[in-house]
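Colleague: First the structure, then my questions, so here it is.
Residue numbers (our numbering): 32 to 329.
As structure tokens, this is what we get:
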């Protein structure tokens with residue numbers, strides 16, 4: 032496996048790897064501190080902690096609880112959500128529903144953290160060359176009228192669950208010498224099948240949502256997709272006709288699963304690509320199979 036082989040097939044030049052011994056909750060808590068500081072929110076203001084991750088600190092308890100302890104936020108609800116690469120969209124939808132259902136609830140801390148390099152087989156070029164580590168947090172509060180999350184469509188198809196999976200380590204195949212020797216604790220992915228489904232579902236979710244909201248693609252300022260691989264993103268961009276407005280950072284970060292969209296959004300903000308009132312289209316596809324799209328007014 033050479034650098035040229037990786038770049039030609041994925042568009043990835045670099046990935047990030049968490050320091051040895053670093054817990055996902057520590058990385059997630061650090062991103063949460065930065066997000067709260069940027070939003071002008073204090074830890075005591077937070078009403079709910081939601082963590083999306085494929086790589087929890089421990090099977091029990093939830094990584095959200097470890098993050099809660101790191102941040103010193105006491106007593107508020109904390110829970111994990113596993114929707115793989117679609118986790119940020121699923122998480123935002125859940126956070127939006129929580130805020131709508133409880134007028135007294137404080138902002139929701141949506142922490143997306145992944146240590147993917149720890150669950151990929153170093154001898155499998157189809158996974159070890161793609162996935163990287165990362166964390167990003169969104170502080171989700173009540174938006175002004177006609178701002179924030181304007182619409183979100185989500186979907187899942189469990190008949191494709193085996194296409195992207197870590198077979199062992201759960202209640203079905205608990206850890207044993209046999210499962211470790213067989214490499215069943217590594218992520219397994221059927222790349223060709225996933226490519227076709229990712230393009231179709233991400234494109235279809237965007238088409239459906241834009242139609243439902245009465246929007247045209249040319250009204251979208253920036254499209255921020257899950258950073259799966261460059262070829263998938265190119266295909267989605269061509270379908271939507273937004274090749275000049277799609278944000279791609281996979282070359283330097285790789286696929287950071289649920290953290291990829293919020294990491295890309297933060298870069299868009301830092302680079303001045305988004306202004307107040309702009310429409311942003313988000314879309315993702317991941318294990319489950321799960322997918323979704325969302326439109327946000329910045």
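Every residue, glycine too, gets a C-beta built ideally from N, C-alpha and C.
List the DSSP bridge partners of residue 254.
Modeller: Paired residues: 277, 312.
Colleague: Provide the residue span of the beta strand (DSSP E) that contains residue 145, from first to last.
Modeller: That run of the beta strand (DSSP E) goes 139 to 146.
Colleague: Does the segment 279 to 287 touch the segment 309 to 320, meaning 3 or more C-beta pairs lie closer than 8 Å?
Modeller: No contact exists between the segment 309 to 320 and the segment 279 to 287.
Colleague: If we ignore side chains and look at the alpha-carbon of each, how far apart do residue 44 and residue 163 end up?
Modeller: Taking the straight line from one Cα to the other gives about 11 Å.
Colleague: Contact between the segment 122 to 140 and the segment 165 to 175: three or more CB pairs below 8 Å?
Modeller: Yes, the segment 122 to 140 is in contact with the segment 165 to 175.
Colleague: Would you mind listing the beta strand (DSSP E) stretches within the segment 132 to 206 that are 3+ residues and don't spill past its ends, in chain order?
Modeller: Correct list: 139 to 146, 164 to 171, 179 to 187.
Colleague: Helix, strand or coil, according to DSSP, for residue 329 in the structure here?
Modeller: Coil.
Colleague: If residue 268 and residue 281 are in contact, beta carbons under 8 Å, what's the gap, nearest whole angstrom?
Modeller: About 13 Å; that fails the 8 Å criterion.
Colleague: By how many angstroms is the C-alpha of residue 107 removed from the C-alpha of residue 131?
Modeller: Their backbone Cα atoms lie some 17 Å apart in a straight line.
Colleague: When the Cα atoms are used, what is the spatial distance from residue 115 to residue 185?
Modeller: Their Cα atoms are separated by approximately 13 Å.
Colleague: I need the DSSP call for residue 85, collapsed to helix, strand or coil.
Modeller: The answer is coil: DSSP assigns residue 85 none of H, G, I, E or B.
Colleague: Restricting to Cα atoms, I'd like to know which of 213, 105, 214, 181 is closest to residue 242.
Modeller: Ranking 213, 105, 214, 181 by Cα distance to residue 242 puts 181 first.
Colleague: Please state whether DSSP places residue 231 in a helix, a strand or coil.
Modeller: DSSP places residue 231 in helix when its eight states are reduced to three.
Colleague: Under 8 Å: do the segment 81 to 98 and the segment 152 to 159 share three or more Cβ pairs, one atom per stretch?
Modeller: No contact exists between the segment 81 to 98 and the segment 152 to 159.
Colleague: DSSP on residue 247, reduced to helix/strand/coil?
Modeller: Note: residue 247 maps to coil in three-state DSSP.
Colleague: Does DSSP put residue 110 in a helix, a strand or coil?
Modeller: Three-state DSSP puts residue 110 in a strand.
Colleague: Assuming contact is defined by CB atoms lying nearer than 8 Å, are residue 190 and residue 321 in contact in what I supplied?
Modeller: Contact: no.
Colleague: Quick one: give me the first and last residue of the alpha helix (DSSP H) that residue 293 is part of.
Modeller: Here the alpha helix (DSSP H) through residue 293 covers 291 to 301.
Colleague: Taking just the CA atoms, how far does residue 245 sit from residue 26?
Modeller: The question about residue 26 has no answer, for the chain in this structure spans 32 to 329.
Colleague: Work out the CA separation of residue 326 and residue 211 for me, nearest whole Å.
Modeller: Their Cα atoms are separated by approximately 42 Å.
Colleague: Might you give, ordered along the chain, the residues of its own chain that have their beta carbon closer than 8 Å to the beta carbon of residue 61, omitting 5 neighbours on each side?
Modeller: The residues are 166.
Colleague: Determine whether the beta carbon atoms of residue 259 and residue 229 lie at a separation below 8 Å.
Modeller: Against a cut-off of 8 Å, the Cβ pair of residue 229 and residue 259 comes out as a contact.
Colleague: According to the neighbour-count rule (16 or more other Cβ atoms, all chains shown, within 10 Å of its Cβ), is residue 46 buried or exposed?
Modeller: When all chains shown are included, residue 46 counts as buried.
Colleague: Taking DSSP's pairing of strands, which residues face residue 332 in a bridge?
Modeller: Residue 332 is absent from the model: the chain starts at 32 and stops at 329.
Colleague: Alpha carbon to alpha carbon, what distance is there between residue 271 and residue 233?
Modeller: Distance between the alpha carbons of residue 233 and residue 271: 10 Å.
Colleague: Considering Cα atoms alone, identify which of 39, 127, 51, 188 is closest to residue 175.
Modeller: Closest option to residue 175, Cα to Cα, is 127.
Colleague: Tell me, which residues are paired with residue 324 by DSSP?
Modeller: DSSP lists 184, 314 as partners of residue 324.
Colleague: Name the DSSP bridge partner or partners of residue 67?
Modeller: Looking at the DSSP assignment, residue 67 forms no beta bridge with any residue, so it has no partner.
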